[in-house]
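To start, the structure under review is shown below, and the notes come after it.
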Amino acid sequence: MGTSDPSVEMAASKPCVLVVPFPAQGHTVALLDLAALLAARGLRLTVVTTPANAYLLSPLLAAHPDMVRPLTLPFPSHPSLPAGLESFQDCPPTYAAVFVHALAALHHPILAWAKSHPVAAILSDFFCGWTQPLAAELGVPRLVFTPSGVLGTAVPHSLFRRLVKQRPSDADHVVAFPDIPGEPVYQWKELSIMYRMYAEGLVDEEFGEAVRRNYLWNLESWGFVSNTFRALEGRYLDTPLGDLGSRRVWAVGPVAPEADAAGQRGGEAAGDLSAWLDVFPEGSVLYVSFGSLVVLTQPAAAALAEALERSTVPFVWVVGAGKDGGLVPQGFEERVAAAGRGVVVHGWAPQVATLRHAAVGWFMTHCGWNSVLEAVAAGVPMLAWPMTADQFVNARLLAEEAGVAVRACAGGIGVCPDAGELAAVLADAAGEGGRGVRARAKELAAEAAAAVMEGGSSRLDLERLVQEIPKL
2 MGTSDPSVEM AASKPCVLVV PFPAQGHTVA LLDLAALLAA RGLRLTVVTT
52 PANAYLLSPL LAAHPDMVRP LTLPFPSHPS LPAGLESFQD CPPTYAAVFV
102 HALAALHHPI LAWAKSHPVA AILSDFFCGW TQPLAAELGV PRLVFTPSGV
152 LGTAVPHSLF RRLVKQRPSD ADHVVAFPDI PGEPVYQWKE LSIMYRMYAE
202 GLVDEEFGEA VRRNYLWNLE SWGFVSNTFR ALEGRYLDTP LGDLGSRRVW
252 AVGPVAPEAD AAGQRGGEAA GDLSAWLDVF PEGSVLYVSF GSLVVLTQPA
302 AAALAEALER STVPFVWVVG AGKDGGLVPQ GFEERVAAAG RGVVVHGWAP
352 QVATLRHAAV GWFMTHCGWN SVLEAVAAGV PMLAWPMTAD QFVNARLLAE
402 EAGVAVRACA GGIGVCPDAG ELAAVLADAA GEGGRGVRAR AKELAAEAAA
452 AVMEGGSSRL DLERLVQEIP KL
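As structure tokens, this is what we get:
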């Protein structure tokens, strides 16, 4: 194998924080952003990955070669997953429970590796609850990284903690959360699809039990590290939440880098949006993207296309790679391109940089948490069209509490808005009706920037976390 490098051997002998992402882009990218912040502050990290996901670590390894090393393990084979599939990217929501169940098989390979590589703590995604018994076996603390906000994390944990297992007669059935500040109430259809499938018996019993255990294991952890900040979710950070096992929460967000530092973070851009945006006045363009997993139905895509044309608002619509077959109505792209007021992106777009472009004034979003924080940091107000997961919780937080969003569509997978009503919402938001929301978005952006600066709430929580990990 060649002569060993003494410096590498010495680094391997020092205790590290074992970082375990969940293989979905919205989860992995945010955890790697946090890992970069930890490495920059002197923590040694080992990041678990699989061969097909290893490329996502390249920027982190390049930036911190002396502090971060990968642990590449074969993805566990599983009879319910196609051979070669190693990422939840572009998978149907039903696969989430399968991934949670399948990844638990990494317990033993990691344990074998840890016998010769000392571990100080485990930092893992909240879909990697199986690392809690692993941490116990290694005799080290586990920290749960939550890619959702505090509220979006507390809601599903509350459901599994209370074992509210029921099959309601209709999707409008409401569920209350009396132990969460404000005592929010959500319709059944607005709850996490993983919980609803478990409660309604729509997933294999073995998978459902794995998901339930996952959430309960999280409640046994040392604490939660959340990509959020106090000005956005202070009411959920002020006192320990019983629905999170009364565990401590470190609020360290937003963790995404500045636009210039992001580069090709998350993917390879399909084209130069900046040049197209440069010709538009400040705040005049609507950016439309539903994230890396959501696929609109054909009727919903047709309604959106019609609304965009009828509203006359300039726009960028990111359809995504491999998700657009037949969705965009025939002739739509040609018409809006000829009019010089719209572009459809078939592939990945540099969202952080795009949202920070001066021409972008609104963001139509599914309210995935990464997208939410990227918009908040850019000072861009949102048109909320939630689909699943934590997105209904996030939409409520943004529209009703933070005041930085307007409801664009009631939402839900398969829900199709009325094109005329949606066009009216777009036109009103771009006009005088959206003035207050736009102003509030700028205020929250300033608060987000202050949170990560010297002396800011998120910076202080991050520094405390770095200091406390060796003591845990």
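For the sequence shown, the residue numbers in the numbering used here are 2 to 473.
Ideal placement from N, C-alpha and C gives every residue a C-beta, glycine not left out.
Predicted, not measured: the structure shown is a model, and the values here were computed from it.
Closest to residue 227 by CA distance: which of 217, 238, 220 is it? Within the sequence shown, numbered from 1, the residue matching residue 227 stands at position 226. Looking at the Cα atoms, 238 is the closest of the given residues.
Considering only residues of the same chain and omitting the five flanking positions on each side of residue 258, which have a CB-CB separation below 8 Å? Residue 258 sits at position 257 when you count from the first residue of the sequence shown. Result list for residue 258: 34, 37, 266, 353, in chain order.
I'd like the ranges of any alpha helix (DSSP H) spanning at least 4 consecutive residues and lying wholly in the segment 33–99. Taking only runs of at least 4 residues, the alpha helix (DSSP H) segments lying wholly in the segment 33–99 are 59–64.
Beta carbon of residue 346, beta carbon of residue 382: below 8 Å? The residue you call residue 346 lines up with position 345 of the sequence shown. The residue you call residue 382 lines up with position 381 of the sequence shown. At a Cβ-Cβ threshold of 8 Å, residue 346 and residue 382 do not count as neighbours.
Could you tell me whether the Cβ atoms of residue 320 and residue 329 are closer together than 8 Å? Against the sequence shown, residue 320 aligns to sequence position 319. Against the sequence shown, residue 329 aligns to sequence position 328. Yes.
Since residue 237 sits in a beta bridge, which residues does DSSP pair it with? Stepping through the sequence shown from its first residue, residue 237 is reached at position 236. Bridge partners of residue 237 according to DSSP: none are assigned.
Please classify residue 107: does DSSP put it in a helix, a strand, or coil? Looking up residue 107 in the sequence shown gives position 106. DSSP places residue 107 within a helical segment (H, G or I) once states are collapsed to three.
For residue 302, which residues from the same chain have a beta carbon less than 7 Å from its beta carbon, with the 5 sequence-adjacent residues on both sides left out? In the sequence shown, residue 302 corresponds to position 301, counting from 1. Correct list, in chain order: 328, 329.
At the level of alpha carbons, what is the spacing between residue 214 and residue 158? Taking the sequence shown and counting its residues from 1, one reaches residue 214 at position 213. Taking the sequence shown and counting its residues from 1, one reaches residue 158 at position 157. Rounded to the nearest angstrom, the two C-alpha atoms are 11 Å apart.
Are the Cβ atoms of residue 223 and residue 143 separated by less than 8 Å? Residue numbering aside, residue 223 sits at position 222 when the sequence shown is read from its first letter. Residue numbering aside, residue 143 sits at position 142 when the sequence shown is read from its first letter. In contact: residue 223 and residue 143 (Cβ atoms closer than 8 Å).
Just to check my reading of the structure: residue 423 and residue 245 have Cβ atoms closer than 8 Å, yes? What is that Cβ distance to the nearest angstrom? As a working note, residue 423 is residue 422 in the sequence shown. As a working note, residue 245 is residue 244 in the sequence shown. Under the criterion of beta carbons closer than 8 Å, residue 423 and residue 245 do not qualify as touching, at roughly 36 Å.
Under the DSSP definition of a beta bridge, which residues are partnered with residue 383? One-based indexing of the sequence shown puts residue 383 at position 382. Per DSSP, 364, 406.
Measure the C-alpha to C-alpha separation of residue 411 and residue 58 and round it to an integer number of angstroms. Here residue 411 is taken as the residue at index 410 of the sequence shown, counted from 1. Here residue 58 is taken as the residue at index 57 of the sequence shown, counted from 1. Between residue 411 and residue 58, the C-alpha separation is close to 37 Å.
Does DSSP put residue 340 in a helix, in a strand, or in coil? Counting from one through the sequence shown, the residue named residue 340 turns up at place 339. Here residue 340 sits in coil by DSSP.
Below 8 Å between beta carbons: does that hold for residue 40 and residue 256? Counting from 1 along the sequence shown, the entry for residue 40 is found at position 39. Counting from 1 along the sequence shown, the entry for residue 256 is found at position 255. No, they are not a contact pair.
Using beta-carbon positions only, say whether residue 384 and residue 409 come within less than 8 Å of one another. Stepping through the sequence shown from its first residue, residue 384 is reached at position 383. Stepping through the sequence shown from its first residue, residue 409 is reached at position 408. The Cβ atoms of residue 384 and residue 409 lie closer than 8 Å to each other.
Around the C-beta of residue 365, are 16 or more other C-beta atoms found within 10 angstroms, so that it is buried, or is it exposed? The residue given as residue 365 occupies position 364 in the sequence shown. With a threshold of 16 other beta carbon atoms within 10 Å, residue 365 meets it and is buried.
Check whether the Cβ of residue 420 lies closer than 8 Å to any Cβ atom in chain B. In the structure shown, chain B cannot be found, because there is only a single protein chain.
Residue 312 burial status per 10 Å Cβ neighbour count (16 or more: buried): To locate residue 312, count along the sequence shown from 1; it is residue 311. Buried.
Helix, strand or coil: how does DSSP classify residue 262 here? If you number the sequence shown from 1, residue 262 lands on position 261. At residue 262, the pLDDT of 46 sits below 50, so the modelled position is not reliable and the matter cannot be decided from this model.
Contacts around residue 263, its chain only, beta-carbon distance under 8 Å, and the 5 residues preceding and following it disregarded: In the sequence shown, residue 263 corresponds to position 262, counting from 1. Since pLDDT at residue 263 reaches only 47, below the 50 mark, its modelled position is unreliable, and the value read off the structure follows with that caveat. The residues 257, 351, 353, 354, in chain order, have a CB closer than 8 Å to that of residue 263 in the same chain once the five nearest residues on each side in sequence are set aside.
Do three or more CB pairs link the segment 16–30 to the segment 128–136 at distances below 8 Å? Proximity of the segment 16–30 to the segment 128–136 meets the contact definition, three or more beta-carbon pairs being nearer than 8 Å.
Please list the segments of the alpha helix (DSSP H) lying wholly inside the segment 195–220, counting only runs of 4 or more residues, in order along the chain. Within the segment 195–220, the complete alpha helix (DSSP H) runs of at least 4 residues fall at 206–219.
Would you tell me roughly how many angstroms separate the C-alpha atoms of residue 153 and residue 202, rounded to the nearest one? By 1-based counting over the sequence shown, the position of residue 153 is 152. By 1-based counting over the sequence shown, the position of residue 202 is 201. Those two C-alpha atoms are separated by around 23 Å.
Own chain partners of residue 335 with C-beta closer than 8 Å, once the 5 adjacent residues on each side are dropped: For the purposes of this step, residue 335 is identified with residue 334 of the sequence shown, where counting begins at 1. For residue 335, same chain residues with a beta-carbon under 8 Å away, outside a window of 5 residues either side, do not exist.
Tell me, which residues are paired with residue 17 by DSSP? Walking along the sequence shown from the start, residue 17 turns up at place 16. Note: residue 17 sits in a beta bridge opposite 120.
Taking 7 Å as the cut-off, is the CB of residue 342 close to at least one heavy atom of the ligand MG? As for the ligand MG, it is missing from this structure, which has no ligand bound.
Unbroken stretches of the beta strand (DSSP E), 3 residues or longer, contained in the segment 275–317: Segments of the beta strand (DSSP E) lying fully in the segment 275–317: 286–290.
Whose C-beta lies closer than 7 Å to the C-beta of residue 473 among residues of the same chain, with five residues either side of it excluded? Indexing the sequence shown from 1 puts residue 473 at position 472. Counting only Cβ-Cβ distances below 7 Å, and skipping sequence neighbours, we find 122, 142, 223.
Looking only at DSSP bridge pairs, what is residue 144 linked to? The sequence position of residue 144 within the sequence shown is 143, counting from 1. In DSSP, residue 144 forms a bridge with 124, 224.
Taking the alpha-carbon of residue 17 as reference, which of 64, 236, 413, 70 has the nearest alpha-carbon? Taking the sequence shown and counting its residues from 1, the one referred to as residue 17 is at position 16. Of all alpha-carbon atoms in 64, 236, 413, 70, the one lying nearest the alpha-carbon of residue 17 is that of 70.
Please report how far the alpha carbon of residue 74 lies from the alpha carbon of residue 107, in whole angstroms. The sequence position of residue 74 within the sequence shown is 73, counting from 1. The sequence position of residue 107 within the sequence shown is 106, counting from 1. About 8 Å.
Could you tell me which of 88, 44, 15, 61 sits nearest to residue 51, measuring between CA atoms? As a position in the sequence shown, residue 51 is number 50, starting the count at 1. The residue with the shortest Cα to Cα distance from residue 51 is 88.
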